[in-house]
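Going letter by letter, the sequence shown gives residues 1 to 635 in full-length UniProt numbering.
All C-beta atoms, glycine included, are put in the ideal place defined by N, C-alpha and C.
The model shown is predicted, which means the values in this text are computed figures rather than measured ones.
Worksheet: the structure to be examined is printed underneath.
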Amino acid sequence: MLLLALIGIYFFRDNLFQKALAKVESKFDTQYNCHFSVKKATFIGISGVELEDIVLIPKKADTLLSVQKIKTSYNILELLTGDIQLKNLEMNNGFIQLVKNKNGRNFDAFLKRDKTEQSNDKRNYAKLAYRLLSKALNLVPTEMKLENLSLRMDDMGRKVTLHMNTLQLKDHQLQTAINVKTNTFSQNWNIKGFANPREKKADLKFFNSDTSKIQLPYIDERFGLKSSFDNIHVKLDKLEMESGELHIDGFTSIENFTINHPKIARKDVVIKNARFDYRFLLGRDFISIDSTSSAQLNHIKVRPFVEYNTEEDTIYKLKLDIRKMKAQDFITSLPQGLFTHFEGMEADGSFDYKLDFEYNKNKPDKLIFDSKINKENLRIVKYGEANLAMLNEQFTYRAIENGVPQRPILVGSANPNYTPLNQISPYLEKAVLTNEDPSFFRHRGFINEAFKQSIVKNIKTKKFSRGASTISMQLVKNVFLTREKTLSRKLEEILLVYILENNRIASKSRMLEVYFNVIEWGPNVYGIAEAAQFYFQKRPGDLTLNECLYLASIVPKPKKFMWQFDNEGNQKPYARKNQNFIKNLMLRRALIFPEDTVGQSVPINISGHARSFLKLKVVQDSIPTETQLADEFDF
1 MLLLALIGIY FFRDNLFQKA LAKVESKFDT QYNCHFSVKK ATFIGISGVE LEDIVLIPKK
61 ADTLLSVQKI KTSYNILELL TGDIQLKNLE MNNGFIQLVK NKNGRNFDAF LKRDKTEQSN
121 DKRNYAKLAY RLLSKALNLV PTEMKLENLS LRMDDMGRKV TLHMNTLQLK DHQLQTAINV
181 KTNTFSQNWN IKGFANPREK KADLKFFNSD TSKIQLPYID ERFGLKSSFD NIHVKLDKLE
241 MESGELHIDG FTSIENFTIN HPKIARKDVV IKNARFDYRF LLGRDFISID STSSAQLNHI
301 KVRPFVEYNT EEDTIYKLKL DIRKMKAQDF ITSLPQGLFT HFEGMEADGS FDYKLDFEYN
361 KNKPDKLIFD SKINKENLRI VKYGEANLAM LNEQFTYRAI ENGVPQRPIL VGSANPNYTP
421 LNQISPYLEK AVLTNEDPSF FRHRGFINEA FKQSIVKNIK TKKFSRGAST ISMQLVKNVF
481 LTREKTLSRK LEEILLVYIL ENNRIASKSR MLEVYFNVIE WGPNVYGIAE AAQFYFQKRP
541 GDLTLNECLY LASIVPKPKK FMWQFDNEGN QKPYARKNQN FIKNLMLRRA LIFPEDTVGQ
601 SVPINISGHA RSFLKLKVVQ DSIPTETQLA DEFDF
């Protein structure tokens, strides 16, 4: 019976093939609004087929695909079962073209999802992934030769062309050269190595034809992200289903990866060597990176575990394990350009680190965030650019505004405006700590619970809507770093705070004293002595409770203090409500007592030079210059 079927297919294959092509053409026309045509289709021998002049053109859009000739072979039995595996493939003179312009995109029709296909059944990630990957690999022939083919992209004038003169796969050895051309550069890339699609194994290396780095196209013009590398090595060792789970094993490595973007760092970030030995596991209800995987960044080795699980609730898990390593190896392994303030730092001792993170989408308040570091004789021998020990000495501070250094502030007794902690109103210390960092004297730089709340809110809002900054972090940011909002600055801030707090480089009292004397309290106003004079024409020790509550309330946004007042110079209700909130917290925590509040309900009176900033009915003075402030504060 099977033999008769095969004979029937052989003798009527031309008619069957033409009907199949007609059906495909009709489907493209009705479902995708595209014109698809094959000028000539012929069979070669028992299992070969040759197509000529294949064209796919969306109506009223640019050509999506055009190929002059395709020649391939197949197995008739596989054709009957639907499990087609291509034996060989030849393709000549063609292109795929993706275009986006003012009229739209020429590939939009193929991105539309069929809304009628709905199912309440849970998706089996393992079976779905295995089926898709197997079909994709089966369509990769065991032998192929591709000539003069291009992938073109035009995104509103941002053009990229990847042109392949020849790609050859023979005896499981793949080799090709690709010319990459954009609006800004042209390069020749090479791909070479082992590829066996039937055994689902590969070992490929991706590198440039000369000694220059490979630049990634398009993303630099589209996102302002410049990136390059010397080479990438990709190996696939295993892709198998075992006991209902899909196992994908292999590794990827990259050398001299360089990235540059204003949101990452001020200059190039370079990773000399990175490698990821992966073991992906996919089950019925989960996708994970198994804990037997390992990631290496220079000398830093991390054991990661990542899982997305939908068995009962939607749960995200992340575990990181850095085994015991030398502190100096960690410092020298940090990506160049990402931690500039650590360059030149030297340390003794060793440490290990563990992170446990779990987020349940349906129970966000049950978030787990546990970060632990164990130290062994860890100490800083030599500081880098950020000399944290400087906090214990007299030093000159200069705030950085939009990359421009501001006037110098001497932090020490030689500056008549420098105010020791014992000469600052106790109300101010308590109010600022209540509003900014209530557990300052107890924590070691970070508050785990604040981190948890920050993560939960940021996930819920899908943006960085809340931070978890302590006074220690604010101090490090002000004195040693800049105010730029980059990944580099935030990572440096976290590491510097940890070193400062956990090595007890400066006492908490000294840190708070420096903090009060360097932070910004208004436009071109630095330190509590300038602030007390600027707002109230007083010394820091003479400030009332109400005045201290006001100053504490403007710390987060000191340059916008004037918006708290109406055109008659009176505080707006929201500002008074905020100060009352701080006062009530202080009362509940017994930091102040009811008798401290007696006579403190009178309105805030801005009597100093700050009054000229208020949006009053009368025209006021302009922002004070450095010279004016120098005259007022005797710099």
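- Taking C-beta separations shorter than 7 Å and ignoring five residues to either side along the sequence, the partners of Thr314 in its chain run Lys361, Asn362, following chain order.
- Within the same chain, and ignoring the five residues on either side of Glu547 in sequence, the residues whose Cβ sits closer than 6 Å to its Cβ are Phe536.
- The residue from Leu86, Ile259, Gly244, Val234 with its alpha-carbon nearest to that of Phe223 is Ile259.
- Pro335 has its alpha-carbon roughly 28 Å from the corresponding atom of Ser186.
- Rounded to the nearest whole angstrom, the CA to CA distance from Lys71 to Phe43 is 10 Å.
- Non-local beta-carbon contacts of His172 in its own chain, meaning distances under 7 Å to residues more than five positions away in sequence, involve Phe194, Ala195, Asn196 in chain order.
- Counting the other Cβ atoms within 10 Å of the Cβ of Pro58 gives 16 or more, which makes it buried.
- The distance from the Cβ of Gln423 to that of Pro540 is about 6 Å, consistent with a contact at the 8 Å cut-off.
- Under the three-state reduction of DSSP output, His261 falls in the coil class, being neither helix nor strand.
- Shown here for Asn190: same chain residues with a beta carbon closer than 6 Å to its own, the five before and five after excluded, namely Ala177, Phe207, Ser209 in chain order.
- The beta carbon of Glu245 is closer than 8 Å to those of Ala126, Leu281, Leu282, Gly283 in its chain, skipping five residues each way along the sequence.
- With respect to Glu492, Met473 sits apart: the two C-beta atoms are not nearer than 8 Å.
- Boundaries for Arg266: no beta strand (DSSP E) harbours it, and the DSSP string shows neither H nor E there.
- Note on Val269: 16 or more other CB atoms within 10 angstroms of its CB, so buried under the neighbour-count rule.
- The DSSP-derived three-state label of Phe446 is coil.
- Scanning its chain for C-beta atoms nearer than 7 Å, with the 5 sequence neighbours on each side dropped, one finds around Ile368 the residues Asp356, Phe357, Glu358, in chain order.
- If you draw a straight line from the Cα of Asn567 to the Cα of Gln579, it is about 20 Å long.
- Per the C-alpha coordinates, the member of Pro523, Ile400, Glu501, Gln453 positioned closest to Phe480 is Ile400.
- In this chain, the beta strand (DSSP E) harbouring Gln168 covers 158-170.
- Tyr316 sits in a strand when the DSSP states are folded into three classes.
- DSSP, reduced to helix, strand and coil, places Pro573 within a helical segment of the structure shown.
- When the beta-carbon positions are compared, Leu591 and Lys430 come within less than 8 Å of each other.
- The stretch 609-619 and the stretch 429-446 do not touch, with fewer than 3 CB-CB distances between them shorter than 8 Å.
- Judged by pairs of C-beta atoms under 8 Å, the stretch 316-323 does not touch the stretch 156-168, as fewer than three such pairs exist.
- In the structure shown, Ser37 falls within a strand segment according to DSSP collapsed to helix, strand and coil.
- For Thr310, there is no enclosing beta strand (DSSP E), as DSSP marks it with neither H nor E.
- The beta carbon of Phe257 sits closer than 6 Å to the beta carbons of Phe229, Ile271 from its chain, once the five residues preceding and following it are set aside; these are given in chain order.
- Closest option to Gln168, judged by alpha-carbon separation, among Leu149, Lys181, Ala41: Leu149.
- Rounded to the nearest angstrom, the Cβ distance from His233 to Ser253 is 5 Å, consistent with a contact under 8 Å.
- Thr396 places its beta carbon less than 8 Å from that of Ile409.
- A check of alpha carbon separations from Leu65 across Asn503, Glu90, Val38 identifies Val38 as the nearest.
- According to the DSSP assignment, Ile373 belongs to no alpha helix (DSSP H) but to the beta strand (DSSP E) extending over 368-382.
- In summary, Val598 is exposed, with fewer than 16 beta-carbon neighbours lying within 10 Å of its beta-carbon over all protein chains present.
- In the displayed model, Met345 falls within coil according to three-state DSSP, outside both helix and strand.
- It is roughly 26 Å from the alpha-carbon of Ala22 to the alpha-carbon of Leu132.
- Boundaries of the alpha helix (DSSP H) around Lys127: 125-138.
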